[in-house]
Amino acid sequence: MKKSILAAVAASLLSSAAIAKTTIIHAGQLLAVPGDKPLKERSIFIEDGVITDVREGYVQEGSASVIDLKDSFVMPGLMDMHVHLQGELGPTNDSDALKMSKQLMQMRSQMYAMRTLKAGFTTVRDVGSSPQEMYAMRDAINNGWIDGPRIIAAGGVGITGGHADISGVSPELMAFHDEKNKTVCDGPYDCRRATRHAIKYGADLIKITSTGGVLTDRATGTGQQMEMDELKEVVQAAKRMGRKVASHAHQEAGIIAALEAGVDSIEHGSYAGPASHKLFKRSGAYLVPTLLAGDTVVQMAKNTEILTEAQKEKAIRVGNDMKGNFAKAVDAGVKIAFGTDTGVSKHGDNAREAVLMHQAGMDTMSIIQSATVNAADLLGMTDSIGTLEVGKQADIIATDGSPLADIEELLDVDFVMKGGKVFVQ
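Going by mature numbering (1 follows the signal peptide of the UniProt record, and there is no 0), the letters in the sequence shown line up with residues -20 to -1, 1 to 405, in that order.
This is the structure:
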């Protein structure tokens, strides 16, 4: 008799503990699956950071805590597929590089990461930072030691003198950098080695630079720089080891070469045209447009002395051309994944990309899809993020009004939850 009473009491306590861990969100409007019609008056059940149920009406259950978002538009957390969390383009970049310790840089990176998270971006792909420091922050966030967005961190592979290589400093500093950099390569087999090296040391994906770049501080243009044999070796080496490849690319020849080599995404794609549109659609690769970076550097080139003359010429030309060519890619049916190149622009302003995409002619639902379901697909993480369905991570944001009606609602996110933990309310 006593045993049965004790068992009943224990079961009751366990049941109470389970209910106490449950959080219920009452959502006035719920865009559970971007692309589908928003639902009204729904209750989202969350346990241990995972969505366990979505029910009609405003349900209350036992001692579960309730978050009242009845007057809000609720949707999945946004994702940015192109950020650089370790810096921000500005007048002190050169002195910061010389004076700031790696440890202090890491502290600043965490600040930028939190600005990003509080802006509603619960997952980011960092595609260009000092790798070991970024891998450490990624792992610390995954372990719950610090807060921040979920980070998918790239290892960079590029050619000597290309966009991924050091520029704009003295020969002595470049030589010092060269001694340490094991992922600058030349020729196919050396680029294969560099790719394997990046993966060995922790890369979630590989970032390559098939063309020159705007912010490279040398007048080497924005055309193709990596050769086809180098591109193919990087992609094959990465895919042999289960890693995707993203390619920075501006001019169309470099875009086409990267797509033919088998990359998973093109970053910027500033001069994508009909020939590359066909390859995008044939391969299933995504375009990550980064219109915000283009807009930012045009303003910097015209109104500040932050950029050098070599950078200014490229910034004005490329930045002014990006929006129109993006619109053509959308019209052609190219798959789009949201990305900003934040670090060029200010951290926390990521949603301005959505406004620029809308100004270029993309409809609001497609923009939201690009930052949720499409981004999750590009990451290969559709089983855990991108929609608000049972079994998915509770990465949830809310705005006062519907961003489907006014995309600028994303500039002022009022509620942010990542993995069941609330960061903005």
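Quick reminder that beta carbons are idealized off the backbone N, C-alpha and C, glycines included.
These figures come from a predicted structure and were not determined experimentally.
Checklist line | C-beta contact flag for residue 242 and residue 210 at 8 Å | finding: no
Check: Can the beta-carbon of residue 130 be found closer than 8 Å to that of residue 186?
Finding: no
Next item on the list: Specify whether the stretch 298 to 310 and the stretch 269 to 277 touch according to this definition: at least 3 beta carbon pairs, one from each stretch, less than 8 Å apart.
Entry: yes
Margin query: Helix, strand or coil, according to DSSP, for residue 96 in the structure here?
Written below: helix
Checklist line | Among 61, 405 and 311, nearest to residue 261 - alpha-carbon criterion | finding: 311
Check: Hey, would you say residue 409 sits closer than 8 Å to residue 114, going by beta carbons?
Finding: Not covered by the structure: residue 409. The range shown for the chain is -20 to 405.
Checklist line | Unbroken beta strand (DSSP E) run spanning residue 26, endpoints | finding: 19 to 27
Next item on the list: Answer with buried or exposed for residue 87, where buried requires no fewer than 16 other C-beta atoms within 10 angstroms of its C-beta.
Entry: exposed
Checklist line | Counted within 10 angstroms of its Cβ, other Cβ atoms place residue 126 as buried (16 or more) or exposed | finding: exposed
Margin query: Is the beta carbon of residue 233 closer than 8 Å to that of residue 225?
Written below: no
Next item on the list: Report the three-state DSSP secondary structure of residue 342 (helix, strand or coil).
Entry: coil
Checklist line | Own chain partners of residue 253 with C-beta closer than 8 Å, once the 5 adjacent residues on each side are dropped | finding: 232, 305 and 308
Check: When we look at the beta-carbon of residue 390 and count the other beta-carbons within 10 Å, is it buried (16 or more) or exposed?
Finding: buried
Margin query: Please give the ranges of any beta strand (DSSP E) in the stretch 194 to 229, keeping only runs that are unbroken, at least 3 residues long and fully inside the region.
Written below: 224 to 229
Notebook entry, point to check: Which first and last residues belong to the beta strand (DSSP E) in which residue 33 is found?
Noted result: 30 to 36
Note to self: Just to confirm the assignment, what range does the beta strand (DSSP E) spanning residue 187 have?
What the structure shows: 185 to 189
Check: Since residue 335 and residue 387 are thought to touch, with beta carbons under 8 Å apart, how far apart are those beta carbons, to the nearest angstrom?
Finding: 6 Å
Check: Going by DSSP, which residues form a beta bridge with residue 266?
Finding: 245 and 315
Note to self: Could you compute how far the alpha carbon of residue 7 sits from the alpha carbon of residue 213?
What the structure shows: 49 Å
Next item on the list: Could you please give the first and the last residue of the uninterrupted beta strand (DSSP E) stretch that includes residue 45?
Entry: 45 to 56
Check: For residue 104, is the classification buried or exposed, using 16 other Cβ atoms within 10 angstroms of its Cβ as the cut-off for buried?
Finding: buried
Note to self: Using only the alpha-carbon positions, how far apart do residue 140 and residue 295 sit?
What the structure shows: 22 Å
Item checked: Supposed contact pair residue 62 and residue 357 - C-beta distance, whole angstroms, cut 8 Å -> Between residue 62 and residue 357 the Cβ distance is about 16 Å, and since that is not below 8 Å, they are no contact.
Margin query: Using the Cβ count rule (16 or more neighbours within 10 Å means buried), how would you classify residue -12?
Written below: Caution applies to residue -12, whose pLDDT of 44 falls short of 50 and renders its modelled position unreliable; the value that the coordinates give is listed next. Exposed, since its Cβ has fewer than 16 Cβ neighbours within 10 Å.
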